[in-house]
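This report refers to the structure that appears directly beneath it.
Protein chains: 2
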Amino acid sequence: MVRSGYDEQLDRLTGALAVMSREATAAIRGAGTALLDVDQEAAELVVQNDAVLDQLRGDIEAAVPELLARQQPVASDLRLVLCAIRIAGDLERMGDLAVHIAKIVQMRYPNMVVPPPAAAVVAEMAEAAARIAEKASTVLATRDPLTAMQIGLDDDEVDTAQSRLLSLLLSGWQYGVESAIDLALVGRYYERYADHAVNVARQVVYLVTGTIRL
Amino acid sequence: MVRSGYDEQLDRLTGALAVMSREATAAIRGAGTALLDVDQEAAELVVQNDAVLDQLRGDIEAAVPELLARQQPVASDLRLVLCAIRIAGDLERMGDLAVHIAKIVQMRYPNMVVPPPAAAVVAEMAEAAARIAEKASTVLATRDPLTAMQIGLDDDEVDTAQSRLLSLLLSGWQYGVESAIDLALVGRYYERYADHAVNVARQVVYLVTGTIRL
Numbered sequence: 002m003v004r005s006g007y008d009e010q011l012d013r014l015t016g017a018l019a020v021m022s023r024e025a026t027a028a029i030r031g032a033g034t035a036l037l038d039v040d041q042e043a044a045e046l047v048v049q050n051d052a053v054l055d056q057l058r059g060d061i062e063a064a065v066p067e068l069l070a071r072q073q074p075v076a077s078d079l080r081l082v083l084c085a086i087r088i089a090g091d092l093e094r095m096g097d098l099a100v101h102i103a104k105i106v107q108m109r110y111p112n113m114v115v116p117p118p119a120a121a122v123v124a125e126m127a128e129a130a131a132r133i134a135e136k137a138s139t140v141l142a143t144r145d146p147l148t149a150m151q152i153g154l155d156d157d158e159v160d161t162a163q164s165r166l167l168s169l170l171l172s173g174w175q176y177g178v179e180s181a182i183d184l185a186l187v188g189r190y191y192e193r194y195a196d197h198a199v200n201v202a203r204q205v206v207y208l209v210t211g212t213i214r215l
Numbered sequence: 002m003v004r005s006g007y008d009e010q011l012d013r014l015t016g017a018l019a020v021m022s023r024e025a026t027a028a029i030r031g032a033g034t035a036l037l038d039v040d041q042e043a044a045e046l047v048v049q050n051d052a053v054l055d056q057l058r059g060d061i062e063a064a065v066p067e068l069l070a071r072q073q074p075v076a077s078d079l080r081l082v083l084c085a086i087r088i089a090g091d092l093e094r095m096g097d098l099a100v101h102i103a104k105i106v107q108m109r110y111p112n113m114v115v116p117p118p119a120a121a122v123v124a125e126m127a128e129a130a131a132r133i134a135e136k137a138s139t140v141l142a143t144r145d146p147l148t149a150m151q152i153g154l155d156d157d158e159v160d161t162a163q164s165r166l167l168s169l170l171l172s173g174w175q176y177g178v179e180s181a182i183d184l185a186l187v188g189r190y191y192e193r194y195a196d197h198a199v200n201v202a203r204q205v206v207y208l209v210t211g212t213i214r215l
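Those sequence lines, one after another, are chains P and S. First residue of the first sequence: 2, per my numbering; consecutive thereafter. First residue of the second sequence: 2, per my numbering; consecutive thereafter.
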């Protein structure tokens with residue numbers, strides 16, 4: 002009876018992380034739409050939905066000490082419970098970063114944040130970031146270390162795209178300083194988003210293998 | 002005998018966090034010197050010393066699951082152990098952000114990153130960030146919630162300074178797009194550094210009171 006309550010608590014924990022990872026993915030997709038289609042409604046939705054991530058992170062943080070104190074899990078269950086806190090932290094930050102992007106769109110609306118010469122590279126960054134988030138969700142669900150390792154490649158793509166964006170801004174950018182700063186920050190937000198998604202995958206690998214390095 | 006080993010483990014944990022918070026403070030002070038005095042040696046030192054923070058974070062992350070499994074702490078000890086992971090994560094990120102600032106100095110050397118018109122506001126941001134870090138160290142050592150609450154005010158100062166820096170960059174900035182992007186990112190790094198220091202204090206308040214909000 003106690004044991005089944007325990008399994009239920011662990012299931013709730015992993016269930017909450019799965020919801021968070023879906024929300025974090027939806028957030029970065031929404032932010033990309035907002036950014037590239039100058040879509041104010043998409044931006045607003047990203048901002049509003051962030052409360053879900055904040056709430057779930059809070060729930061997880063409240064549940065973990067209780068679960069540890071009552072159930073005193075060991076070995077892989079203990080690792081799961083400890084990782085849950087960190088994974089929830091990463092997923093919540095991913096939501097925040099998507100919100101930062103959405104808010105730049107709102108701040109500049111009806112003007113575009115991404116002028117035509119930067120559209121391709123920003124689209125690439127947005128796509129790679131969303132793909133990493135999706136893989137992180139998959140890794141969370143399947144705990145497959147191979148998928149986790151592939152995430153490193155997608156992360157390189159984000160970093161490369163960010164470098165190209167910066168080069169573009171530094172070679173005769175015609176859209177002014179404000180636009181250059183906006184885009185440099187957008188690049189930074191995508192980069193950090195991707196880093197956190199990589200962390201999620203890394204934590205799952207730790208869960209499975211007990212070692213942290215990818 | 003077991004109990005004394007346990008207390009020793011907890012002491013080692015808080016000791017490691019104290020060292021980390023000193024290192025994170027030294028890092029942001031060093032980054033500020035590097036930035037404002039165009040001091041390449043200071044920059045190099047910040048980059049090199051970051052390994053200490055990485056190492057200590059790793060040590061703490063390795064120690065916590067073992068401590069939980071062996072000692073099964075409860076109540077405030079359990080909170081301490083859980084918080085240690087998150088505080089170590091925040092302190093390690095603070096070091097990374099100081100390194101980001103130092104690396105911008107290295108990248109532009111011998112040119113200055115902060116042209117004269119931005120010197121005052123960047124100095125203010127650097128000073129406020131270092132002050133927050135120092136208070137976070139104090140909070141870690143004393144667990145005094147009142148000092149923790151004061152940190153919010155310093156954090157407001159960083160945010161206000163960052164807004165002023167951005168306004169400056171957007172009103173006829175004469176030093177080019179690259180310089181504007183550098184400074185926008187520097188502002189962002191200080192802001193995030195301060196956020197993490199606030200998180201450290203917030204965790205300590207949670208340790209003391211069991212509630213997380215400042």
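Ideal Cβ placement from N, Cα and C applies to all residues, glycine included. Predicted model only: the values in this text are computed from it and were never measured.
Within chain S, the residues that residue i reaches when beta carbons sit closer than 7 Å
{"i": "residue 189/P", "result": "186 and 189"}
{"i": "residue 70/P", "result": "75 and 79"}
{"i": "residue 102/P", "result": "Neighbours of residue 102/P on chain S: none; closest Cβ ~13 Å, over 7 Å."}
Minimum Cβ-Cβ distance from residue i to chain S less than 8 Å
{"i": "residue 146/P", "result": "no"}
{"i": "residue 75/P", "result": "yes"}
{"i": "residue 179/P", "result": "yes"}
{"i": "residue 118/P", "result": "no"}
{"i": "residue 208/P", "result": "no"}
{"i": "residue 18/P", "result": "no"}
{"i": "residue 111/P", "result": "no"}
{"i": "residue 83/P", "result": "yes"}
{"i": "residue 169/P", "result": "no"}
{"i": "residue 260/P", "result": "One cannot answer for residue 260/P here, as it falls past the ends of chain P, which runs 2 to 215."}
{"i": "residue 182/P", "result": "yes"}
{"i": "residue 7/P", "result": "no"}
{"i": "residue 215/P", "result": "Confidence at residue 215/P is low in this model, with a pLDDT of 41, below 50, so its placement is unreliable and the value that follows should be read with caution. So no, residue 215/P is outside the interface."}
Which listed residue (the options) has its alpha carbon closest to that of residue i
{"i": "residue 205/S", "options": "64/S, 94/S and 143/S", "result": "143/S"}
{"i": "residue 125/P", "options": "67/P, 61/P, 138/P and 165/P", "result": "165/P"}
{"i": "residue 110/P", "options": "35/P, 81/P and 158/P", "result": "35/P"}
{"i": "residue 25/S", "options": "73/S, 94/S, 187/S and 11/S", "result": "94/S"}
{"i": "residue 65/P", "options": "54/P, 12/P, 113/P and 45/P", "result": "12/P"}
{"i": "residue 209/P", "options": "113/P, 149/P, 188/P and 14/P", "result": "149/P"}
{"i": "residue 21/S", "options": "167/S, 147/S and 137/S", "result": "137/S"}
{"i": "residue 63/P", "options": "37/P, 78/P, 90/P and 38/P", "result": "90/P"}
{"i": "residue 100/S", "options": "154/S, 147/S, 119/S and 47/S", "result": "47/S"}
{"i": "residue 128/P", "options": "19/P, 37/P, 18/P and 23/P", "result": "37/P"}
{"i": "residue 218/P", "options": "211/P, 130/P and 78/P", "result": "Missing from the structure shown is residue 218/P; chain P here goes from 2 to 215 and no further."}
{"i": "residue 119/S", "options": "183/S, 202/S and 17/S", "result": "183/S"}
{"i": "residue 207/P", "options": "58/P, 146/P, 17/P and 113/P", "result": "146/P"}
{"i": "residue 60/S", "options": "156/S, 17/S, 77/S and 80/S", "result": "17/S"}
{"i": "residue 132/P", "options": "114/P, 172/P, 211/P and 195/P", "result": "195/P"}
Contact set between residue i and chain P, taken where Cβ atoms lie within less than 7 Å
{"i": "residue 1/S", "result": "There is no way to answer for residue 1/S, as the model of chain S reaches only from 2 to 215."}
Chain P within 8 Å of residue i, Cβ atoms only
{"i": "residue 92/S", "result": "no"}
{"i": "residue 105/S", "result": "no"}
{"i": "residue 61/S", "result": "no"}
{"i": "residue 152/S", "result": "no"}
Spatial neighbours of residue i in its chain, beta-carbon cut-off 6 Å, leaving aside the 5 residues before and after
{"i": "residue 116/P", "result": "176"}
{"i": "residue 7/P", "result": "72"}
{"i": "residue 200/P", "result": "91"}
7 Å CB neighbourhood of residue i in its chain, flanking five on each side removed
{"i": "residue 43/P", "result": "31, 34 and 35"}
{"i": "residue 151/P", "result": "136"}
{"i": "residue 192/S", "result": "159, 160 and 163"}
{"i": "residue 190/S", "result": "98, 101 and 102"}
{"i": "residue 54/S", "result": "21, 24, 25, 92, 93 and 96"}
{"i": "residue 185/P", "result": "167 and 170"}
Spatial neighbours of residue i in its chain, beta-carbon cut-off 8 Å, leaving aside the 5 residues before and after
{"i": "residue 40/P", "result": "34 and 106"}
{"i": "residue 82/P", "result": "11, 14, 65, 68, 69 and 74"}
{"i": "residue 122/P", "result": "162, 165, 166 and 169"}
{"i": "residue 51/P", "result": "28, 96, 97, 99 and 100"}
{"i": "residue 19/P", "result": "138, 141 and 142"}
{"i": "residue 2/S", "result": "Legend: pLDDT at residue 2/S = 47, less than 50; position of this residue unreliable, value from coordinates given subsequently. Around residue 2/S: no qualifying Cβ."}
Amino acids of chain S, ordered along the chain, whose beta-carbon sits closer than 8 Å to that of residue i
{"i": "residue 65/P", "result": "83"}
Fully enclosed by the segment 51-137 of chain S, which alpha helix (DSSP H) runs are 4 residues long or longer?
-> 76-109, all fully within the segment 51-137 of chain S.
Run through the segment 141-194 of chain P for me and flag every whole alpha helix (DSSP H) of 4 or more residues, listed as ranges in chain order.
-> Counting only runs of 4 or more, we get 146-171.
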